[in-house]
Amino acid sequence: MMATPILQISGLTMDFGGIRALNRLDLEVHAGEIVALIGPNGAGKTTFFNCLTGIYTPTAGEILLTPPGSTKNVSLKGLKPNHVTEKGLARTFQNIRLFSQMTVLENVMIGRHCRTKAFILGAILRNAATRREERQIVEMSYAILDKVGLAHLANEFARNLPYGAQRRLEIARALATEPFLLLLDEPAAGMNPQETQELDRLIKEISTDGHSILLIEHDMKLVMSLSDRIFVMDYGKKIAQGKPSEIRSNPAVIKAYLGEDVDA
Amino acid sequence: MKLMRSKKILAAAAIMMLAFSAPVAGMAADTIKFGVAGAHSGDLASYGLPTVNAAKLVIDQVNAKGGINGKKIELLIEDDVCKPEVATNTATKLVSQGAEVVLGHICSGATKSALPIYTNANILVMSPSATNPDLTYSGEYPNFFRTIAPDDMQAKVDVDYALDKLGHTKIAVIHDKGDYGKGFAEFAKSFVEKSGKAEVVLFEGVTPGAVDYSAIVQKIKKSGAQAVIFGGYHPEAAKIVGMIKKKRLKVDFLSDDGVKDDTFIKVAGADAEGVYASGPKDTTGNPLSKAAFAEHKKVFNADAGAFFENAYTATLAMVNAIEKAGSTDLAALKKALQTEKVDTPLGNIYFDDKGDAVGIGFSVYQVQNGAFVEMK
Amino acid sequence: MAACFRFFFRDPGMDYFIELFCSGLTRGAIYALIALGYTMVYGIIGLINFAHGEIYMIGAFTAFIVATVLSIYGFPLLAIVILAGFAAVIWSSAYGYTVEKIAYRPLRHAPRLSPLISAIGMSIFLQNYVLLAQTSNFLPFPELIPEFAFMEPIAHIVGSTDIVILITTAVIMLILTIVIKGTKVGKAMRATSQDRTMAMLVGINVNRIISATFIIGSALAAVGGLLIASHIGQINFYIGFLAGIKAFTAAVLGGIGSIPGAVLGGLVLGLTESFATGYVSSDYEDVFAFSLLVLILIFKPSGLLGKAETKKV
Amino acid sequence: MLGFKEIKNGLLVSLWFVFLTFPLMVVKVDPVERIVRWRWENSLYVAIGTFAVFLLVKIIIQRRSRNAAVDKEAEQKKESFIHRVLASPRQKFTLIALLLAVAIVFPLFSSSYQTNVMTTALMYVVLGLGLNIVVGMAGLLDLGYVAFYAVGAYSYALLNHHFDLGFWAVLPIGGGLAAIFGILLGFPVLRLRGDYLAIVTLGFGEIIRLVLENWSEFSKGPSGISNISRPGLFGIEFGLDGAIIYIYYLMIVFMIVTIFIVNRLQDSRLGRAWIALREDEIACQAMGIDKRKTKLVAFSLGAFWAGIIGVVFAAKTTFINPASFTFLESAIILAIVVLGGMGSIVGVIFGALILILLPEYLRALSEYRMLAFGAILVAMMVFRPQGLISNIRRTYHSDKKFPSPTQQ
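Protein chains in written order, with the numbering used here: chain U, 1 to 264; chain D, 1001 to 1376; chain Y, 2001 to 2313; chain R, 3001 to 3408.
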């Protein structure tokens, strides 16, 4: 018997008015895994992420999160995004959503928000505890930036970074919240092959550090290189799942990607 | 190099700060400084600007005749937007500039906040339009005078007229939510209630500047009121009487000094016919009043506007007091104001020890054929 | 219309209700007329055009000046009404166009709040401009719409001005809706409001469309100015500010950016105020109006007919 | 320098303005006397004036664009002058010390009027800094800020009137009550965004004013509350001139404390959360920030300062009525924040000094005062839409060194 999966999704359904964007999805992620979620445009992948992270409240279904090494699970359904993050699940965005008027370092420092405490009085008095906390935030943020290779740009404005660096900064910001499960929404979109290669390395490194990763990606080369398992979605439904080698030869997947009408 | 430049700029900044703080004007001893304060911009400008014109007219005449006791009068005109906090700045500015007497302020609120500053500097203040009773009754402002009747006196005249002369028993009291209108309305309400002869069937405020008053008129109609006593200014009064006519409502409309203004008749036109308003006695027959309005028309080529006569009277009274007292010393001025009678557009007046004008007299007017006619 | 109601309901309570209802409709239609301009401008450039109330005031003033001059020179009433209306529309549009060009166009790519402050500055400027150029006093606005004889039996409930205002508002709303749905300009407007860059790419002259929006909005304000001033019977330089705030409230209430929304918002606001005055107290009519706004926005954060903002993640 | 084309355009523009201003500037009617006056001379003034302004603006724009390349560097230098001064500790302290010295001696050789006006300006500095938390940092457009100011002012006025409570006792009460009102307002509007929030806050401001105006039993209505005590100092009462100077120094202290606190808030965990909230609400929540709590804290802290200054306001004017708390007041405070540069503390200080002192010193223009004020507001926005002084973010450094990776 395997250990309890850290993320367990069953029957997840999301309706927008009359449109069913997600149709009874089941999915599991185990500790230490890199799982990819692929599918044609409009398949509902980002909606799936939004349901997971509390931006949408799913119509039906259950999302259970079990921290590694623990047996107690928590339901994420109906939780606000910030509580989801507190529970240990962080994400990046497909359309980069950095805080553009803040520096690179501050963007990462924001990620530390839910793991720190200082409040109004602490901010005003700047007592020893607050100073210590701030110091720790800065040091840790620098360390994370160093990991993604942006430490030397720490005091630049986020908006001035090149595209690839912005994507990496999004990852750094998410890592700062100390997630055990990281959701990456098309992290390689718009990157050139060299940047993608660096990203490949970075994600593997993050994985070795003990983070589990669930990612949406269109770059098949990257997906095949990274993933332990792959889920394929189309029209809000799961159409296939399995190891990269199995997915590569799955006829349903090929059909979906080639755009053939399955029902016809 | 860099540092030197910044030092220069710092020095420049410092000099600028000093320049700001330098006294605005030197004290020229050969003129009498006459302050005029009130709302000269913003929504209430139409009540403040006529006072400026009145002061200009009177002072120009005085200066043309060689001034008072050989001294020319210099006007210091300051805007207070009818806001208490601006009025304190206005007042300190006038005091700093050496104003020796002040005509103003226009609104009771602004006057109240400004008065302590003048009181402290022993400067005579005379308002053409601040009607709040406390201003004179409380005794806190010995330097304050006015040429308009306080709210309670105006209200008493209106209520007596409605109850005794017109014999109404159901009165609706409406006001414009302003310090003048509401103050007046509250007195009117209490006088009606105290009289025992009539009841107040409606007591409500309307929002000045609202686009439509038909709902409140319907409510007046439903209340069964025989008369409406309105506290406020002429623009709202004109709108309400217009609506009353439109809704075919038969009620008498009585109002205060803020409505007894020719602009009211001009704006309300035919709707104004039959409206009662209380105001200072006997002005249309007064040659001084005629002359004042004619002068205004000649100089400014426009109608005078609200409180013009009161302001004209106040200016004359103050000029006369300065002349008789021979100085602008507060005690001397007070004595002159209280003892020396002066001819004004509002009649031959002097002031009582509280600061209210005596001799203006107060009566009720009715609009008949496009003019205010005094009701005997 | 109301006469029929009266025939059926002899109950005085019902009478009072109908009277208040009619008052509310008129008031609401007035708000709606001004709100249409707000909503159009907001829909297209996302700006709360605080100077819109002043454009309305300038329209009323122009109509006043032209009407008075013509009546002094002895023109017949019909000619006065048409010419005054025409002049009000021309000059209001000209002011709207100029204000946009001076105070908003240079700020097209500025931070979001800058045009708002510019608009507040413009509003203060225009108020004081009229104050100085004309007078601070209230002026009598000539009655341009005579009391129709056939209305006499119900004149105590609805006057002819009320009817004209109601009909005008309805007609304008219809025309606007048709223009925006059906014509080329309307399509270009919708395109510009949805995505300015895309509109530019497909060959729409965005600046011209924005100007057109200001011109149409201002023309509506002028019509409103003329009718409302004629209804109230007086004008001064400050009437635009207060009416503007209420109209803006109406526009938001109905869902800012939506033409039927502005009209609905205006009517809801007008009726609320009228009933609040009639059944509670006019002391608190504005408190009711704003409380209603808050309540509606809490339950429908985009207003009554506004499109819900879709969260694009 | 100016070609034929500009002259022609200038003529066309002035012609347009002559047309535009024709009915209002030229015709003046007296509807009752039935007289029309044609003031043609005004058309001439308009034509000349517009032409001159047009050419002036053209020259400025031409010079700007011609020297664009050269200017850019200079521009950047100029823009960052304040920043450079602030960045260098020595210059910063010289500047602060100098300003402080000027501020301290200011009332000693200026009239009460000057001191009074300066006090008003300082009050608006603090109000601006308070609103800056809400609008500038947290990005919540609040058009009803004046409501909290009113809450503070009425707290002091009423408590002083009924219970004879002193200034210092009410100061925290006023601030606290305003903060509670901030939370009360904050709750229902949490879901609203952008301009919907703006109109609801505007409505809230109006509601507070209307209640104060109409609920006479509570607030004495429009006739206001007079004879509010001026602040004392350990039981010492001042005369009028003394009180003016005392309140001035009080405001200097308040301003310094406020700057100190706001500065610290800005660079704290909370301040970062506000700015993140302003930048992107969704990303902000996804990073684990509690949107509700962060917004409510912003509202209540902003309101707190408005309440404090409200108390000072009541004590300074000794009389208050609802006329002081109109929408225009909120608009002016907002203008201070936007004009100064959203989120920038130094900017807000400059903005307040300009916008409050300007109308006072424009008094020389008498009736053209507010006209000029409106025009200047527009002009400042058109020529400097981002505000006078843009915000600078604090930089942090690690103990470790992270060298820039050498390019491969």
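We treat Cβ as the ideally placed atom computed from N, Cα and C, and that holds for glycine. All figures in this text were calculated on a predicted structure; none of them were measured in a lab.
At least 3 beta-carbon pairs within less than 8 Å: the region 2049-2060 of chain Y vs the region 2171-2179 of chain Y: no
Just to make sure I have the definition right: I need the residues of chain Y whose C-beta is within less than 7 Å of the C-beta of F3373 (chain R). Which are they? Reading the fourth sequence from its first residue, position 373 is the one you call residue 3373 (chain R). Here the neighbours are I2124.
Would you decide whether D261 (chain U) is buried or exposed? Buried here means 16 or more other CB atoms lie within 10 Å of its CB. Here residue 261 (chain U) is taken as the residue at index 261 of the first sequence, counted from 1. The pLDDT assigned to D261 (chain U) is 48, lower than 50, so where the model puts this residue is not dependable, and the model offers no usable value.
Between the alpha carbons of Q3062 (chain R) and A2087 (chain Y), how many angstroms are there, rounded? As a working note, residue 3062 (chain R) is residue 62 in the fourth sequence. As a working note, residue 2087 (chain Y) is residue 87 in the third sequence. Cα to Cα, the separation comes out at about 37 Å.
Runs of beta strand (DSSP E) wholly within the region 1214-1257 of chain D (minimum 3 residues, chain order): 1227-1231 and 1252-1255
Which residue's Cα is closest to the Cα of F1230 (chain D): D:V1058, D:E1078 and D:A1185? Against the second sequence, residue 1230 (chain D) aligns to sequence position 230. For the residues D:V1058, D:E1078 and D:A1185, the minimum Cα distance to F1230 (chain D) belongs to D:A1185.
Would you check if the region 2268-2279 of chain Y and the region 3161-3179 of chain R touch, i.e. whether three or more CB-CB distances between them fall below 8 Å? no
With 16 as the cutoff for other CB atoms within 10 Å, does A2149 (chain Y) come out buried or exposed? As a first step, residue 2149 (chain Y) is located in the third sequence; it is residue number 149 there, counting from the start. The residue is exposed, with fewer than 16 neighbouring Cβ atoms inside 10 Å.
Output the distance between the C-alpha atoms of V3337 (chain R) and D1179 (chain D), rounded to the nearest integer angstrom. Reading the fourth sequence from its first residue, position 337 is the one you call residue 3337 (chain R). Reading the second sequence from its first residue, position 179 is the one you call residue 1179 (chain D). Cα-Cα distance, rounded: 32 Å.
Along chain Y, in chain order, which residues have C-beta atoms closer than 9 Å to that of V3053 (chain R)? As a position in the fourth sequence, residue 3053 (chain R) is number 53, starting the count at 1. The contacting residues do not exist; V3053 (chain R) stays about 11 Å from chain Y at best.
P1023 (chain D) in three-state terms, based on DSSP: Numbered from its first residue, the second sequence carries residue 1023 (chain D) at position 23. Any answer about P1023 (chain D) is weak, because its pLDDT of 41 lies below 50 and its placement is not dependable; what the coordinates show is given next. In this structure, P1023 (chain D) counts as coil in the three-state DSSP scheme.
Leaving aside the five residues before and after N2207 (chain Y) along the sequence, list all residues of the same chain whose C-beta is less than 8 Å from its C-beta, in chain order. Indexing the third sequence from 1 puts residue 2207 (chain Y) at position 207. These residues qualify, in order along the chain: R2105.
In the structure shown, what three-state DSSP assignment does I2209 (chain Y) receive? Counting from one through the third sequence, the residue named residue 2209 (chain Y) turns up at place 209. Looking at I2209 (chain Y) - three-state DSSP - the assignment turns out to be helix.
Between which two residues does the alpha helix (DSSP H) containing N50 (chain U) stretch? Along the first sequence, read from residue 1 onward, the residue named residue 50 (chain U) stands at position 50. K45 to L52 is the span of the alpha helix (DSSP H), which, as asked, contains N50 (chain U).
For P3222 (chain R), decide whether its Cβ has a neighbour in chain D, counting only Cβ atoms nearer than 8 Å. For the purposes of this step, residue 3222 (chain R) is identified with residue 222 of the fourth sequence, where counting begins at 1. It does; some Cβ of chain D falls within 8 Å.
Under the assumption that P187 (chain U) contacts L175 (chain U) (Cβ atoms under 8 Å), give the Cβ distance between them as a whole number of angstroms. As a working mapping, residue 187 (chain U) is identified with position 187 in the first sequence. As a working mapping, residue 175 (chain U) is identified with position 175 in the first sequence. That belief does not hold up - the Cβ atoms of P187 (chain U) and L175 (chain U) are roughly 12 Å apart, past 8 Å.
Let's see if you can read the secondary structure: which residues bound the beta strand (DSSP E) around M14 (chain U)? On the first sequence, residue 14 (chain U) is found 14 positions in, with the first residue counted as 1. Taken as a continuous stretch (DSSP letters only), the beta strand (DSSP E) holding M14 (chain U) covers L7 to F16.
Along the region 1076-1088 of chain D, what residues have a CB closer than 7 Å to any CB found in chain R? I1077, E1078, D1079, C1082, K1083, P1084, E1085 and T1088
What does DSSP give as the partner residues of L3371 (chain R) in its beta bridges? As a first step, residue 3371 (chain R) must be located in the fourth sequence, where it is residue number 371. None; L3371 (chain R) has no bridge partner.
Using a Cβ-Cβ distance under 8 Å, would G2233 (chain Y) count as near chain D? Within the third sequence, the letter at position 233 stands for residue 2233 (chain Y). Cβ-Cβ to chain D under 8 Å: yes for G2233 (chain Y).
List the residues of chain D that R3034 (chain R) touches, going by C-beta distances under 8 Å, in chain order. Working through the fourth sequence from its first residue, we reach residue 3034 (chain R) at position 34. Neighbours of R3034 (chain R) on chain D: none; closest Cβ ~11 Å, over 8 Å.
Might you give, ordered along the chain, the residues of its own chain that have their beta carbon closer than 6 Å to the beta carbon of G2217 (chain Y), omitting 5 neighbours on each side? On the third sequence, residue 2217 (chain Y) is found 217 positions in, with the first residue counted as 1. Once the five neighbours on either side are set aside, the close Cβ partners of G2217 (chain Y) are G2037, M2040 and V2041.
When the Cα atoms are used, what is the spatial distance from A1291 (chain D) to A1272 (chain D)? The count along the second sequence starts at 1 and reaches residue 1291 (chain D) at position 291. The count along the second sequence starts at 1 and reaches residue 1272 (chain D) at position 272. Those two C-alpha atoms are separated by around 25 Å.
Beta carbon of E1340 (chain D), beta carbon of N1310 (chain D): below 8 Å? Position 340 of the second sequence, counting from 1, holds the residue named residue 1340 (chain D). Position 310 of the second sequence, counting from 1, holds the residue named residue 1310 (chain D). No, the Cβ-Cβ distance between E1340 (chain D) and N1310 (chain D) is not below 8 Å.
What residues in its chain sit with their C-beta under 6 Å from that of A1099 (chain D), if we drop five residues either side in the sequence? Counted from its first residue, the second sequence places residue 1099 (chain D) at position 99. Within the same chain, A1099 (chain D) has close Cβ partners K1033, G1035 and L1076.
So A1371 (chain D) is in the beta strand (DSSP E); what residue range does that whole segment cover? The count along the second sequence starts at 1 and reaches residue 1371 (chain D) at position 371. Start and end: A1371 to E1374.
So F2138 (chain Y) contacts chain D; which residues on that side make the cut at Cβ distance below 8 Å? As a first step, residue 2138 (chain Y) must be located in the third sequence, where it is residue number 138. Result: S1046, H1234, P1235, A1238, T1263 and V1267.
Inter-residue spacing [alpha-carbon to alpha-carbon] between I1123 (chain D) and I2102 (chain Y): Here residue 1123 (chain D) refers to the residue found at position 123 when the second sequence is read from its first residue. Here residue 2102 (chain Y) refers to the residue found at position 102 when the third sequence is read from its first residue. Taking the straight line from one Cα to the other gives about 47 Å.
Taking W2091 (chain Y) as part of the alpha helix (DSSP H), name the residues at either end of that continuous run. One-based indexing of the third sequence puts residue 2091 (chain Y) at position 91. Run containing W2091 (chain Y): L2077 to V2099, per the alpha helix (DSSP H) assignment.
Would G111 (chain U) and T177 (chain U) qualify as a contact pair, given that the criterion is a beta-carbon distance under 8 Å? The residue labelled residue 111 (chain U) in the question sits at position 111 within the first sequence. The residue labelled residue 177 (chain U) in the question sits at position 177 within the first sequence. Taking 8 Å as the Cβ cut-off, G111 (chain U) and T177 (chain U) qualify as a contacting pair.
G2159 (chain Y): contacting residues in chain D (beta-carbon distance under 7 Å): As a first step, residue 2159 (chain Y) is located in the third sequence; it is residue number 159 there, counting from the start. Going along chain D in sequence order, the residues near G2159 (chain Y) (Cβ under 7 Å) are K1246.
With C-beta atoms as the reference, is A3314 (chain R) less than 8 Å away from G1109 (chain D)? Sequence index remark: in the fourth sequence, residue 3314 (chain R) carries index 314 (1-based). Sequence index remark: in the second sequence, residue 1109 (chain D) carries index 109 (1-based). Not a contact, by the Cβ cut-off of 8 Å.
Which of helix, strand or coil does DSSP assign to Y3154 (chain R)? Indexing the fourth sequence from 1 puts residue 3154 (chain R) at position 154. Three-state result, Y3154 (chain R): helix.
Among R:L3192, R:H3162 and R:L3250, whose alpha-carbon lies nearest the alpha-carbon of K3291 (chain R)? Here residue 3291 (chain R) refers to the residue found at position 291 of the fourth sequence. That would be R:L3192, whose Cα lies nearest to the Cα of K3291 (chain R).
So, is H1175 (chain D) buried or exposed, given that buried needs 16 or more other C-beta atoms within 10 angstroms? Start at 1 with the first residue of the second sequence, and residue 1175 (chain D) comes out as number 175. So H1175 (chain D) ends up on the buried side.
Using a Cβ-Cβ distance under 8 Å, would T1131 (chain D) count as near chain R? In the second sequence, counting from the first residue as 1, residue 1131 (chain D) sits at position 131. It does not: the Cβ of T1131 (chain D) has no partner Cβ on chain R nearer than 8 Å.
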